[in-house]
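What follows is a set of notes on a single structure, which appears directly below.
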Amino acid sequence: MTKVTYRLLGRTGLKVSNIALGVATFGSQWGPRWTMPAAEADALLGVALDHGINFFDTANVYNRGESETWLGRALRRRSALDQVVIATKCGYRTDPRDVNSGGCSRRNLVASVERSLRRLGTDCIDLLYLHLWDGVTPVEESLAAVADLVSAGKVRYVGLSNVPGWYAGQAEAVARWRGWPVPAAVQLNYNALERTIEHEFFPFTEATGVGLVAWGPLANGLLTGRYRVDLEERRITGDGRMTQTFTTGDVDPFRPVVPRVIACLTDLAARTGRRPGQLALAWILSKPEITSVAVGVSSGEQLLENLAALEISLPPEDLARIDEASAQPTPYPYTFLADGVQALVHGPEQLRAVRPTTP
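Residues in the sequence shown are numbered consecutively from 1, following full-length UniProt numbering.
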């Protein structure tokens, strides 16, 4: 049986599985491709627990709150509520009649946590992510509110999700300066088609010790091998969410990199006997910067297929092939961190000494 391994979440003593189960599909409110019957959700959670997954990812807006309710109920049914790490989020507006039902204000953070606790059926949330920065609320207000929630025993750790690098840096510095809980983790979109965070957040997590959790590892299913992309006709063919319902819009399927990566993974799959999606997951898991990968599945069978990625140890040459196929032009100002420019600072003969990772 494939088992997960456990890693410390940032500089905390909290151990989380390197595969987390995202339970956005737990519920009945989002339509057929983003929901499942309660019995199937319960069975899926059982598969996750049987394989050692102890990290579960939800949010107050997933399936309009039902995700939290179903997750808590399924965990209580197995008497597992105290044995797992539950991460939930707040930030998106939840009530169109209430202008204060979204955002990271003190008012909404406190109210959202109280509602999440009731839905989950627990006294304390293990990890509370700010789902996104609302673009208005000062970071000091949000961090102070979370610090009070931690002091009150309603939240154990704070995290950030979908924020720019400068905001994460500001939050970490302000929290440390004020003696408030420092972010334990950032959760960001990361896969072979979306590698932007490598420029800002890989160095950030290395410098601060904040954990990094990847979501969307299969790019809405694009990397599973079920789809073909025609750039000229701007058409996607295949059976799945990408062709049958909405997507989150985080990946443009018609960029030139998409068919290039799909072809690379398909070729490696044919040579190794693995599936493209498993190779895409194995590539992410090979990154030392990544603490855990949150996967979203619609069945226990899909979860087992994803877990099989843990058995794969890609050789350096295959990792390099995926790196090359998924490479994108380096955006400014990160071009100034490239070896050619840095050699103008340190001298080419000293570059390896001051930057040991330089090839």
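Just so you know, even glycine gets a beta-carbon here, dropped at the ideal spot from N, CA and C.
(request) Count the C-beta pairs between the region 35 to 52 and the region 332 to 350 that are closer than 8 Å, then say yes if the count reaches three, no if not. (result) Counting C-beta pairs closer than 8 Å gives fewer than three between the region 35 to 52 and the region 332 to 350, which falls short of the contact rule.
(message) Do residue 20 and residue 293 have their beta-carbon atoms positioned less than 8 Å apart in this structure?
(response) For the purposes of this step, residue 293 is taken as residue 293 along the sequence shown, with counting starting at 1. For the purposes of this step, residue 20 is taken as residue 20 along the sequence shown, with counting starting at 1. It is a contact, given that the beta carbons lie within the stated cut-off.
(message) I need the DSSP call for residue 156, collapsed to helix, strand or coil.
(response) Here the question's residue 156 lines up with position 156 in the sequence shown. Looking at residue 156 - three-state DSSP - the assignment turns out to be strand.
(request) Have a look at 29, 48, 353 and flag the residue whose alpha-carbon is nearest the alpha-carbon of residue 301. (result) For the purposes of this step, residue 301 is taken as residue 301 along the sequence shown, with counting starting at 1. If we check each option's Cα against that of residue 301, 48 comes out closest.
(request) List the whole-angstrom C-beta distance separating residue 414 from residue 225, where the pair is believed to meet the contact cut-off of C-beta under 8 Å. (result) There is simply no residue 414 to check, as the chain begins at 1 and stops at 359 in what is shown.
(message) For residue 273, count the other beta carbons within 10 Å of its own beta carbon; 16 or more makes it buried, fewer makes it exposed. Which is it?
(response) In the sequence shown, counting from the first residue as 1, residue 273 sits at position 273. Exposed.
(request) Under 6 Å Cβ to Cβ from residue 10, same chain only, skipping five residues before and after it: list those, please. (result) Sequence index remark: in the sequence shown, residue 10 carries index 10 (1-based). Correct list, in chain order: 184, 185, 209, 210, 211.
(request) Just grab the DSSP bridge partners of residue 296 for me. (result) Position 296 of the sequence shown, counted from the start, is the residue given in the question as residue 296. For residue 296, which the question treats as bridged, DSSP gives the partners 22.
(request) For residue 202, I'd like the list of residues in its chain whose CB is within less than 6 Å of its CB, leaving aside the five on either flank, ordered along the chain. (result) On the sequence shown, residue 202 is found 202 positions in, with the first residue counted as 1. Answer for residue 202: 289, listed in chain order.
(message) Out of 93, 196, 52, which one is the CA nearest neighbour of residue 64?
(response) For the purposes of this step, residue 64 is taken as residue 64 along the sequence shown, with counting starting at 1. It is 93.
(request) Out of 89, 145, 198, 114, point me to the one whose CA is closest to residue 159's CA. (result) Here residue 159 is taken as the residue at index 159 of the sequence shown, counted from 1. Of 89, 145, 198, 114, the residue nearest in Cα terms is 89.
(request) Could you spell out the range, first to last residue, of the alpha helix (DSSP H) harbouring residue 264? (result) For this step, residue 264 is matched to residue 264 along the sequence shown. Segment 257 to 272, the alpha helix (DSSP H) holding residue 264.
(request) Kindly indicate the opening and closing residues of the alpha helix (DSSP H) around residue 278. (result) Residue mapping note: residue 278 aligns to position 278 of the sequence shown, counting from 1. Looking at the DSSP string, the run of the alpha helix (DSSP H) that includes residue 278 is 276 to 285.
(message) Using 8 Å as the threshold, is the C-beta distance between residue 129 and residue 161 below it?
(response) Reading the sequence shown from its first residue, position 129 is the one you call residue 129. Reading the sequence shown from its first residue, position 161 is the one you call residue 161. Contact: yes.
(message) In the DSSP output, which residue or residues are listed as bridge partners for residue 343?
(response) Along the sequence shown, one-based indexing puts residue 343 at 343. None; residue 343 has no bridge partner.
(request) Counting only the same chain and skipping the five closest in sequence on each side, list residues whose C-beta sits under 7 Å from that of residue 358. (result) Sequence index remark: in the sequence shown, residue 358 carries index 358 (1-based). Note that residue 358 scores a pLDDT of 44, beneath 50, so its modelled location is shaky; the value from the coordinates is reported in the next line. For residue 358, where only same-chain residues beyond five positions count, the Cβ hits under 7 Å are 339, 351, 352.
(request) Starting from the C-beta of residue 146, find all residues in its chain whose C-beta is less than 6 Å away, skip the five residues before and the five after it, and write them out in chain order. (result) What you label residue 146 is simply residue 146 of the sequence shown in a count that begins at 1. For residue 146, where only same-chain residues beyond five positions count, the Cβ hits under 6 Å are 158.
(request) Helix, strand or coil for residue 228, going by three-state DSSP, please let me know. (result) In the sequence shown, the residue the question calls residue 228 occupies position 228. DSSP places residue 228 in strand when its eight states are reduced to three.
(request) Quickly, what does DSSP pair residue 236 with across the bridge? List them, please. (result) Here residue 236 corresponds to residue number 236 of the sequence shown, with the count starting at 1. Looking at the DSSP assignment, residue 236 forms a beta bridge with 229.
(message) Just to check my reading of the structure: residue 103 and residue 134 have Cβ atoms closer than 8 Å, yes? What is that Cβ distance to the nearest angstrom?
(response) In the sequence shown, counting from the first residue as 1, residue 103 sits at position 103. In the sequence shown, counting from the first residue as 1, residue 134 sits at position 134. Sure, about 4 Å apart at Cβ, within 8 Å.
(message) I'd like the list of long-range same chain contacts for residue 200, defined as Cβ closer than 6 Å, with 5 residues on each side in sequence excluded.
(response) Numbered from 1 along the sequence shown, position 200 holds the residue referred to as residue 200. Result list for residue 200: 165, in chain order.
(request) Round the Cβ separation of residue 197 and residue 155 to the nearest angstrom and send it over; I've been treating them as touching at under 8 Å. (result) Stepping through the sequence shown from its first residue, residue 197 is reached at position 197. Stepping through the sequence shown from its first residue, residue 155 is reached at position 155. With 8 Å as the limit, residue 197 and residue 155 do not qualify as a contact, their Cβ atoms being about 25 Å apart.
(request) Below 7 Å CB to CB, which residues in the same chain sit around residue 238 once its five sequence neighbours on both sides are set aside? (result) If you number the sequence shown from 1, residue 238 lands on position 238. Hits under 7 Å: 226, 227, 228.
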